[in-house]
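A.B. asks: Here you go, one structure.
Chains as they are written, first to last, in the UniProt record's numbering: chain S, 1 to 347; chain X, 1 to 997.
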């Protein structure tokens, strides 16, 4: 049901008061609810404290659309990037949660209270040495903020060690999105961009690919610092780790399939202005019915946070950094590759 | 579902693709870049040109072309045809000799390298001992005499290249018969020239650099005559009857020497300095040609007075009292004379002088009075003035074709009517299937019309836009104003003139409507000219309008060049395309896009500031639209600020290099002891290394934002009659795409023909699409109800195309540098897309719709998009489903100018510049293929008074089996590679590109 009421923009008051007002307006005084609003980018964002409440009121122009959900059957995944524009059925999910048969989430904290800026995805299918990072770019306020360069890395192949050209992150812009996530670091080797391998591509090609995908950039890196790797409980076999790495290229296509499809639909939409009227998003000529991938991305995020990052001291796989020693008995799974940047080789 | 319909899984489609697409680089048009050697076979009537990149190209009758490439990519120094053979020998600057032969294979002749050879001296001898300076293929066709820097003349067998050491002519042997008081060992250093006696093959004339000339008897192995020149020798030439020879010298003199059996040591008959008495430059080559009337032709290169004309590149022809010094705009590489090749003929009777200059080929008719130039049917200097743009029009109607040719023939009246004298070989290629025009725009404001139908790119007509404007250069400034008594009698020849009077005149965009003969040309200073073909000379006023593209935007200052001043009053135009409307954009920025609709009589133009529409029937500006983003300061200020900063940074980097060099030298000089120097060097190297490490090549990853500069730059303009507003009524529309990913659509109201002059054309903005990925829009296209692209204006009226389907719904295809997107019309909703950059990291540079016909059946053809990416790949993408069909690597990705210059034809061919003067032609189609197919037959050896005459001519005819087509292709590729490896070329290309921006 819809309610329309006015607020004084200059004096919004506190969140508690607003919450009370909502409960009053809707005559639901004792029901716990989640409050959300749509921001200028069309995202559904939560209101649960003074700060985001003030932010919401200040961005209203002049209408502020607020969505209220009962807390027990709320769909947390509805919040986040492009949620309103991506598909109409998110809204309908929010409005009619009964139609949407879904297992309720296990809520650990409230990551959904915030807009995600980045996430580690596909942890279950990637070798431990790799990390797939998704950067969410909103509007134009915060730059992606990183640089890439050419370099060479050493790979283990059936013919022994082989030096192959690679693409590396060369610099992070302070205050940029990449730096603020903490998931990318200087000298990380870039392996894939949105599911496409970068091997054999030039620096300029990779640059163009990243920029073309900048709205929804998914990069797979081999972090230069391997201490913070996600460690799985299935660390049973060192050899399997090895095989994962070597078989990575062959396993990418299936990952790619799901990724691409997800990307296909979550792509930004162009804007059309008809007869110099209001700008509108261009609709799809053939409406695609899907809603799962976008949710699954966030679920993956949950999983990864559940696994957590283990403290580095325990899992210090890196020994004798900087010393050039070619003998390694490979006790560490997935650490089969030497990495070289410039003249220093890190084992 | 779509995922399963990936391309490459349908066998029927795969088969069809094989019938439709095929990639070939077919022929190189234009003038070879950096030619270095010239050869001619009077027997085959073939000319050979070698280049600095190791290519060798043979030309005969129009359409007869062969090309070969030395693997070494070294400069070709000399080319010598083997007498009476289909063979030639080349000498490279690495001192290697290569034997090439023309062999017939599969009905056509092919040029193949047979052998290679490098002369080796005895162990321990200096390299100069075997450095070849002169090559003489003996008329016996069995041996080659090689004169060297050491003065030795080696004899090698052909074709095996086996050195016959016992026959080597050593300086010692030569000196034996010469009195010692005149000569010593040093006189025989460096063989400058070797010439076989024209009548007696057993005698050869040897010219040494220091002036000694010896007539050597091959039978008896001794010098029969010797001649002592006082000057450093440059070259030798026998008279036809063998009674005299000519030597030319470093001091600009030439001497005539008699050869008679009784006189052993002789003085020159005559010693002349033609341009004396003041010191003159060397005469490097000379011909003495006898004629029936007794007056010889003396033709020589150089010899100009050193002080006043030492910088001229000249070839002088003296015939009796007539004397002309042909003055070339670029260095003369070499020249030859075409004369009677019949050995029985008593006189030479020269007919033509063929000069290879660095930038062009000039042929002078020596038979006609005044010695006019001959218009070459090939080897056109495309770069007479630098090419700034090109435009291709396929299938020209015969009427227009004839009118252009007739306009061009009026321009060519000063050329000789002599048939092309180099006429060897037979062109067996089928006649070109249609008439194609390639239009090139040049820096000097001219547009050249080339016949691009066949193998020979031939200039039909040259159009100059300069007359419309007032420029600093006086149009009456004639190079040939020298009076009768001028000395030396210089005469400018050739067309190569790289100096542009005014860079603003440069042509940037061309659009020709082949049905109406309307031509729109746009240039660097925002000028747009609309022209009409007129078969007569005419004098008229060009209507002039100004389009203020900034309109209401205030407070901007254009810091670029000024607009061109126009001529007041009527201007006289020669027959051909005559301008009748001039629109000048304000600010006068480079015109970046142009479209002409000859049916609606509208021309649209765009710059970095916006675009406008002009009604050239009513001569009225319909509207202008400013596309500038308020924050885009760079576009407003003009190109200057950018150039400045670039120059500055270049200068800085040069300074840095110089500084580092100086400092390293200082260190080296200052340190007395070696280890110190070494240390300093090591430290320096380390510093350099560190510096390099500190600043690696890196790229910023940043999403494009609306604030990027040059977003307003109009990249493409397109006229379409489609459903813009509603699905029931279609109307004329104008589409514009910008660098910032915006597409504007304007609804046009063009009054019907009977009221065309009474009612104004109206335009109203109907749509604006902002692509969220903000990549530059490089192509806009509307597909009709059958998903075929809308026809060109007037195409339907001329019954050359089916009228478009106006029943079904139209679709809009927007091609950005990164994506292809299909939208529905009139309600814009996205239907399909292909994200090229996101998936492959390459960007679209050029895109055209091309029609591909099947080579199997005549009745099947389809339209596809031909796309060139920034990596130099060519991709074919199907319409309307946007599926990648096939991909071919075509241009090296470093070759930016090649990629920028590429132009596609409507039938799946294309051209791109492989050097400033050469277009490579390629074909993507199995059906439309223009490539040289020619055959060279051994002419019958006519009455020959040579002693050595064997039946070996036929040996060359035996075609060797084996596939050489592939080799040739490979070598073509290598050729291109070689050109681009040349650092100088790359720099040049870069500088022109940067200048162009």
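Ideal Cβ placement from N, Cα and C applies to all residues, glycine included. No experiment lies behind these values; they were computed from the predicted model shown.
1) Would you mind stating whether residue 802 of chain X and residue 821 of chain X have Cβ atoms separated by less than 8 Å?
2) Could you give the first and the last residue of the continuous alpha helix (DSSP H) run that contains residue 398 of chain X?
3) Just mark residue 67 of chain X as buried or exposed, buried being the case when its beta carbon has 16 or more other beta carbons within 10 Å.
4) If you draw a straight line from the C-alpha of residue 227 of chain X to the C-alpha of residue 416 of chain X, how long is it?
5) At what residue ranges does the UniProt domain "Lethal giant larvae homologue 2" (272 to 372) of chain X contain a whole run of the alpha helix (DSSP H), taking only runs of 4 or more?
6) Could you confirm whether any beta carbon from chain X is found closer than 8 Å to the beta carbon of residue 187 of chain S?
7) Contact between the region 715 to 731 of chain X and the region 761 to 778 of chain X: three or more CB pairs below 8 Å?
8) Can you find a C-beta in chain X that's less than 8 Å from the C-beta of residue 143 of chain S?
9) Please look up how many angstroms separate the CB atoms of residue 775 of chain X and residue 840 of chain X, rounded, as I've assumed it's under 8 Å.
10) If you measure from the beta carbon of residue 769 of chain X to each beta carbon in chain S, is any gap under 8 Å?
11) May I ask you to report which of helix, strand or coil DSSP gives residue 55 of chain S?
12) How long is the line joining the alpha carbons of residue 777 of chain X and residue 29 of chain X, rounded to whole angstroms?
13) Which residues does DSSP pair with residue 713 of chain X in a beta bridge?
14) Kindly indicate the opening and closing residues of the alpha helix (DSSP H) around residue 838 of chain X.
15) As a quick exercise: from X/10, X/716, X/12, X/16, pick the residue whose alpha carbon is nearest that of residue 852 of chain X.
16) Pull out every residue of the region 744 to 774 of chain X whose Cβ sits closer than 7 Å to any Cβ of chain S, in chain order.
17) I'd like to check one pair, residue 788 of chain X with residue 863 of chain X: are the Cβ atoms closer than 8 Å?
18) How far does the beta strand (DSSP E) with residue 16 of chain X in it reach, from first residue to last?
19) Give the residues from the region 268 to 282 of chain S that approach chain X closer than 8 Å (Cβ to any Cβ), ordered along the chain.
20) In the DSSP assignment, find the unbroken beta strand (DSSP E) run with residue 67 of chain X in it and report its ends.
21) Counting pairs of Cβ atoms below 8 Å between the region 5 to 17 of chain S and the region 49 to 62 of chain S, do you hit three or more?
22) Considering only C-alpha positions, which residue in the set S/185, S/218, S/193, S/217 is nearest to residue 226 of chain S?
23) Using DSSP bridges, identify the partner residues of residue 165 of chain S.
24) When DSSP labels each residue in this structure, what does residue 394 of chain X get in the three-state scheme?
25) Flag this pair as touching only if the region 423 to 441 of chain X and the region 37 to 46 of chain X have three or more C-beta atom pairs under 8 Å; answer yes or no.
26) Would you call the region 748 to 757 of chain X and the region 778 to 797 of chain X touching, i.e. three or more CB-CB distances under 8 Å?
27) Distance cutoff 8 Å, beta carbons only. Does residue 971 of chain X sit that close to anything in chain S?
28) Excluding the five sequence neighbours on either side, which residues of its own chain have a C-beta within less than 7 Å of the C-beta of residue 295 of chain X, listed in chain order?
29) Quick one: list the residues of chain S neighbouring residue 830 of chain X, beta-carbon separation under 9 Å, in chain order.
30) Taking residue 51 of chain X and residue 78 of chain X to be in contact with their CB atoms under 8 Å, please state how far apart those CB atoms are, rounded to whole angstroms.
31) Is there a Cβ of chain X sitting closer than 8 Å to that of residue 66 of chain S, yes or no?
32) Between residue 335 of chain X and residue 301 of chain X, is the Cβ-Cβ spacing less than 8 Å?
33) Under 7 Å Cβ-Cβ, which residues of chain S neighbour residue 736 of chain X?
34) Distance, Cα to Cα, residue 304 of chain S vs residue 133 of chain S?
35) Using a C-beta cutoff of 8 Å, does residue 215 of chain S count as contacting chain X?
36) Would you identify the three-state DSSP class for residue 888 of chain X, choosing helix, strand or coil?
C.D. replies: Looking at the coordinates:
1) Here the question's residue 802 of chain X lines up with position 802 in the second chain. Here the question's residue 821 of chain X lines up with position 821 in the second chain. For residue 802 of chain X and residue 821 of chain X, no; Cβs fall outside 8 Å.
2) Locating residue 398 of chain X in the second chain gives position 398, counting from the first residue. Looking at the DSSP string, the run of the alpha helix (DSSP H) that includes residue 398 of chain X is 398 to 411.
3) Translated into the one-based positions of the second chain, residue 67 of chain X becomes position 67. Classification for residue 67 of chain X: buried.
4) Translated into the one-based positions of the second chain, residue 227 of chain X becomes position 227. Translated into the one-based positions of the second chain, residue 416 of chain X becomes position 416. Computed Cα separation, rounded: 41 Å.
5) Scanning the UniProt domain "Lethal giant larvae homologue 2" (272 to 372) of chain X for uninterrupted alpha helix (DSSP H) segments of 4 residues or longer gives 306 to 309, listed from N- to C-terminal end.
6) As a first step, residue 187 of chain S must be located in the first chain, where it is residue number 187. No, its Cβ sits nowhere closer than 8 Å to a Cβ of chain X.
7) When C-beta atoms of the region 715 to 731 of chain X are compared with those of the region 761 to 778 of chain X, three or more pairs fall below 8 Å, so the two segments count as touching.
8) Locating residue 143 of chain S in the first chain gives position 143, counting from the first residue. Cβ-Cβ to chain X under 8 Å: yes for residue 143 of chain S.
9) As a working mapping, residue 775 of chain X is identified with position 775 in the second chain. As a working mapping, residue 840 of chain X is identified with position 840 in the second chain. Actually they do not touch by this definition, with Cβ atoms about 14 Å apart.
10) Position 769 of the second chain holds residue 769 of chain X. With 8 Å as the cut-off, residue 769 of chain X counts as an interface residue toward chain S.
11) The residue you call residue 55 of chain S lines up with position 55 of the first chain. Secondary structure at residue 55 of chain S: helix, using DSSP grouped into helix, strand and coil.
12) For this step, residue 777 of chain X is matched to residue 777 along the second chain. For this step, residue 29 of chain X is matched to residue 29 along the second chain. One C-alpha to the other measures close to 31 Å.
13) The residue you call residue 713 of chain X lines up with position 713 of the second chain. In the DSSP assignment, residue 713 of chain X is bridged to no other residue.
14) The residue you call residue 838 of chain X lines up with position 838 of the second chain. Run containing residue 838 of chain X: 836 to 840, per the alpha helix (DSSP H) assignment.
15) For the purposes of this step, residue 852 of chain X is taken as the residue at position 852 of the second chain. Nearest C-alpha to residue 852 of chain X: X/16.
16) Answer set for the region 744 to 774 of chain X: 765, 766, 767, 768, 769, 770, 771, 772, 773.
17) Locating residue 863 of chain X in the second chain gives position 863, counting from the first residue. Locating residue 788 of chain X in the second chain gives position 788, counting from the first residue. Yes, these two residues count as a Cβ contact at 8 Å.
18) Counting from one through the second chain, the residue named residue 16 of chain X turns up at place 16. Element bounds for residue 16 of chain X: not the beta strand (DSSP E) but the alpha helix (DSSP H), 11 to 20.
19) Listed by position along the chain: 268, 269, 270, 271, 272, 273, 274, 275, 276, 279, 282.
20) Here the question's residue 67 of chain X lines up with position 67 in the second chain. Residues 65 to 69.
21) At 8 Å Cβ cutoff, the stretches touch.
22) As a position in the first chain, residue 226 of chain S is number 226, starting the count at 1. For residue 226 of chain S, the nearest C-alpha among the options comes from S/185.
23) Counted from its first residue, the first chain places residue 165 of chain S at position 165. Answer by DSSP bridge pairing, in chain order: S/152.
24) The sequence position of residue 394 of chain X within the second chain is 394, counting from 1. In the structure shown, residue 394 of chain X sits in coil (DSSP, three-state: anything other than H, G, I, E or B).
25) Segments in contact, yes.
26) No, the region 748 to 757 of chain X is not in contact with the region 778 to 797 of chain X.
27) In the second chain, residue 971 of chain X corresponds to position 971, counting from 1. Low confidence applies to residue 971 of chain X: its pLDDT is 47, below 50, so where it sits in the model is not reliable, and the reading given next is rough at best. Taking 8 Å as the CB threshold, residue 971 of chain X stays off the interface with chain S.
28) Taking the second chain and counting its residues from 1, the one referred to as residue 295 of chain X is at position 295. Answer for residue 295 of chain X: 319, 320, listed in chain order.
29) Here residue 830 of chain X corresponds to residue number 830 of the second chain, with the count starting at 1. Going along chain S in sequence order, the residues near residue 830 of chain X (Cβ under 9 Å) are 269, 270, 282, 283, 284, 285.
30) Mapped onto the second chain, residue 51 of chain X falls at position 51. Mapped onto the second chain, residue 78 of chain X falls at position 78. With a Cβ gap of about 13 Å, residue 51 of chain X and residue 78 of chain X do not count as contacting.
31) Position 66 of the first chain, counted from the start, is the residue given in the question as residue 66 of chain S. Taking Cβ atoms only, chain X never reaches closer than 8 Å to residue 66 of chain S, which makes this a no.
32) For the purposes of this step, residue 335 of chain X is taken as the residue at position 335 of the second chain. For the purposes of this step, residue 301 of chain X is taken as the residue at position 301 of the second chain. Yes. Within cutoff.
33) Locating residue 736 of chain X in the second chain gives position 736, counting from the first residue. Chain S residues near residue 736 of chain X: none, gap ~14 Å exceeds 7 Å.
34) Sequence index remark: in the first chain, residue 304 of chain S carries index 304 (1-based). Sequence index remark: in the first chain, residue 133 of chain S carries index 133 (1-based). Note that residue 304 of chain S scores a pLDDT of 35, beneath 50, so its modelled location is shaky; the value from the coordinates is reported in the next line. Separation of residue 304 of chain S and residue 133 of chain S (C-alpha to C-alpha, rounded to the nearest whole angstrom) is 12 Å.
35) In the first chain, residue 215 of chain S corresponds to position 215, counting from 1. Yes, its Cβ sits closer than 8 Å to a Cβ of chain X.
36) Here residue 888 of chain X refers to the residue found at position 888 when the second chain is read from its first residue. It is a strand residue.
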